[in-house]
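Single-structure report; data block below.
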Amino acid sequence: MCNNHKSMTTTRVLSVPSAKASFEKTTIERRELRPYDILIDIKYSGICHSDIHSAFGEWAGGIFPMVPGHEIAGVVEAVGSEVTKYVVGDRVGVGCFVDSCGECEYCLSGEEQYCTKGVINTYNGLDYDGNPTYGGYSQKIVVTEGFVVRIPDGLDMAVASPLLCAGITTFSPLKHWNTGPGKKVAIVGMGGLGHVAIQFAHAMGAEVTVLSRSVNKKEEALKFGADHYFATSDPATFKGLAGRFDLILNTVSANLDVDAYLSLLRIDGTLVNIGAPAKPDKYHVFSLIMGRRSIAGSLVGGIRETQEMLDFADEHGIAPMIEVISADQVEESYERVLKSDVRYRFVIDISTL
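Following the working numbering, the numbering of the sequence shown begins with 1 at its first residue and continues without gaps.
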C-alpha cells in the first residue's frame, strides 16, 4: 500500500534555539518522501538524559536549533513507493539513529550502531545530504524503513517509547554477555536504565542483584524482579559480595570506585559500562590481572536486535515505569531528571504540542 507524499511536510516541534535556551514551539519542514521512506505521526517521545546533555550544549558538536528526542513511538501516516515492511496505520518506533552506510561489516551484520562511517543520529546529526536531523519532540518525522521497528500490539505505545533507548541499551549487553539461568548479574543503579535492566535480566533467567547508593528503592527493585538488593554506601556490601558476579552492568553516569566493583567479579567476570561519567574513571590494572577480569562498554543495539528486544519485552511483560507529561512540562522535567526526581522515565504526549 503506497500513500505517497509528493511534497515536504510541515510539522510542529519543540525546539531549543541555542545551548541552555528555553524551548520554543515552532515548525520545521520534513523532507519529501523518498521511495523507501516512511512518514510517522508521532504519538509519544521519551526523554533521555542524553537529550539534556545535548540541549544544554554539554557535548561537543551541538547543532542548533535542536529538536531532541530519540525514543519515538507513533503510527505510519504515509509510505514511499518502494516500502514493503509497513503500511499506513502500523504502530512503529524510531530509536537513536536513522541511517548508516549499509555497506561496512557491522552494518551488514546488523550492528549498525558501530557503522565504521558513523551512524546518522536521530537528532543533532547531519544526514548524508548534509542536512541537520531533528528528533522526536515533533508531531511528525520521516525515516527510511530500514531504521523503523514495529511496536507489538501488546505493548502500550507510551511505555514502548523509552524501550527504544533505555530498553535496547540494557538488553543488548545482557544478551551479548550471555545472561541466563545459572548466571549471577549485578545491576548498578536503580534509575531510568537500571529499572529496565532488572526486568530484562530477570526475564532472561539470571539471579539479579541491585547495587544502589541507598536502600530507598529496595521494595521497587524487588517488584521489578531483583533477587537481592544492597546499598553501596555500606562498606560491608563489597566485602560480603566479593567474587560473586559473572557480570556487572553499570548504568550510572557518576564516577565509581572501579577497583571496588571489580572485586565483586568472579574469575573471567566483566564490568560493562553503559553510563557515561563526565570524567575518566581510574582503576588499578592488577584488579584485572589477578582475576582475568574485563572492563567493557556497550552502545545501544542494531535495528534487528531492537526489534528482538521489543518482542521480548512484549512476551515477558517488561515495561518501563513512566510519567506522561505535556509539551509544556519538558523544561520542568529536565530539572527533575537532574534532581533524580522521576520514577523512572518521562514521556511526552505529542498531542499536547
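In this text, a Cβ means the ideal position worked out from N, Cα and C, and glycines have one as well.
In this text, all values refer to a predicted model and were calculated from it rather than measured experimentally.
Query, Result
"Closest residue to H70 among L249, K239, A201 and Y134 (Cα-Cα distance)", "Y134"
"M66 burial status per 10 Å Cβ neighbour count (16 or more: buried)", "buried"
"Cβ contact (3+ pairs, closer than 8 Å) linking the segment 102-115 and the segment 296-304", "yes"
"Where L262 falls, given that 16 or more other Cβ within 10 Å makes a residue buried", "buried"
"Pair within 7 Å by beta-carbon distance, T179 and D37", "no"
"Identity of the residue in I325, E332, S340 and Y334 nearest V159 by Cα", "I325"
"CB contact flag (I42, I350, <7 Å)", "yes"
"Closest residue to R250 among K117, F346 and G194 (Cα-Cα distance)", "The question names Arg, but residue 250 in the sequence shown is Asn. When each option's Cα is compared against that of N250, the closest is G194."
"Limits of the unbroken beta strand (DSSP E) element including T122", "Unbroken run through T122: none, as it is neither H nor E."
"Close-in-space but distant-in-sequence residues of the same chain around R336 (CB under 6 Å, 5 per side omitted)", "V342"
"Within-7 Å CB hit, L108 to chain D", "Given the protein chain composition of this structure (a single chain), no chain D is represented."
"Residue range of the alpha helix (DSSP H) that includes R336", "V330 to L338"
"DSSP state of D257 mapped onto helix, strand, coil", "coil"
"Counted within 10 angstroms of its Cβ, other Cβ atoms place N273 as buried (16 or more) or exposed", "buried"
"Counted within 10 angstroms of its Cβ, other Cβ atoms place M290 as buried (16 or more) or exposed", "exposed"
"Cβ neighbours of D314 in the same chain (closer than 7 Å, five flanking residues each side left out)", "P152, G154 and L155"
"F286 burial status per 10 Å Cβ neighbour count (16 or more: buried)", "exposed"
"For V196 and A166, the rounded distance between their alpha carbons", "7 Å"
"Closest residue to S7 among P35, A19, S18 and D268 (Cα-Cα distance)", "P35"
"CA-to-CA distance, V185 to L265, given in whole angstroms", "10 Å"
"Straight-line gap, F147 to G240 (C-alpha atoms, nearest Å)", "45 Å"
"7 Å Cβ shell around G89 - same chain, five flanking residues per side excluded", "V75 and V76"
"Beta-carbon gap between S45 and I72 smaller than 7 Å", "yes"
"K239 in three-state terms, based on DSSP", "helix"
"Three-state class that DSSP yields for K184 in the structure shown", "strand"
"Close beta carbons around K217, own chain, < 6 Å, minus the five adjacent residues each side", "M190"
"Residue range of the beta strand (DSSP E) that includes V75", "I72 to V79"
"Whether V188 touches V83 by CB criterion (7 Å)", "no"
"R30 versus T9 - alpha carbon distance", "5 Å"
"G269, DSSP secondary structure in three states", "strand"
"V300 to Y229 span [Cα, whole Å]", "26 Å"
"Cβ-Cβ distance between M321 and Y344 below 7 Å", "yes"
"Among F64, V149, L288 and F200, nearest to G93 - alpha-carbon criterion", "V149"
"Beta-bridge pairing of L39 - partner residues as DSSP gives them", "A78 and V142"
"E207, enclosing beta strand (DSSP E) - first and last residue", "E207 to S212"
"Length at least 3, wholly inside the segment 273-310: the beta strand (DSSP E) runs in chain order", "294-297"
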